[in-house]
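Peer 1:
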Amino acid sequence: MTTRTATGFTPVDEDLYAKAFQLLDPTPEPTPAPVPLTRPAAPPVHRPGPVEMALTDALAFLDTHGWAKHRLIHPEGARCSIGALRAAAGARNAAYRDAGNLLLAEARRQHGKQWEAIPAWNDHHTGAQVRGVWEAAIQRAHHLNI
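In the working numbering, the protein residues as written are -16 to 129.
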């Protein structure tokens, strides 16, 4: 048996398909460049300042040990507002002073300008009123970033 290898085909133009597509669509639209994927920036993490921390810790102390009137420290461990602030701050430092000033300013804003000191204000209000002032003072310290 004899096998013939010559086919007699004409060679095919290498660019035949490219020419055919160009004839079908003479002005192809440019392919848009890929858009790089970007992740949205994470919101900044809030780091409480020393005043906010002192106020927050003092309110947590009141929640844990109890709130008292007419005494700095109750025999069972409860404290008045100034006693809780002293316990939370650990010392009479700048954070303690500034937190006390902010707390008193908020007490005056909510309950009148007549209050000269935190103990007097604390002793003349209910627990709910005192807590509301603490929470507002913490929010104010948060917004002031102090």
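The beta-carbon is built from N, C-alpha and C at its ideal position, and this holds for glycine as well.
What whole-angstrom Cβ distance do Gln97 and Gly115 have, given they're in contact under 8 Å?
Peer 2: Their Cβ separation, rounded to whole angstroms, is 18 Å, which puts Gln97 and Gly115 out of contact at 8 Å.
Peer 1: Could you spell out the range, first to last residue, of the alpha helix (DSSP H) harbouring Leu85?
Peer 2: Segment Ala77 to His94, the alpha helix (DSSP H) holding Leu85.
Peer 1: Confirm, please, whether the CB-CB distance from Trp104 to Ala90 is below 7 Å.
Peer 2: Result yes, Cβ atoms of Ala90 and Trp104 sit closer than 7 Å.
Peer 1: With contact counted as at least three CB pairs below 8 Å, one residue from each stretch, are the region 72 to 87 and the region 42 to 53 in contact?
Peer 2: Judged by Cβ distances under 8 Å, the region 72 to 87 makes no contact with the region 42 to 53, as fewer than three pairs qualify.
Peer 1: For the putative contact between Ile129 and Gly32, defined by C-beta atoms under 8 Å, what is the C-beta separation to the nearest angstrom?
Peer 2: Indeed they touch by this definition, with Cβ atoms about 4 Å apart.
Peer 1: Looking only at DSSP bridge pairs, what is Arg62 linked to?
Peer 2: DSSP, once it has assigned bridges, lists Trp50 and Ile56 as partnering Arg62.
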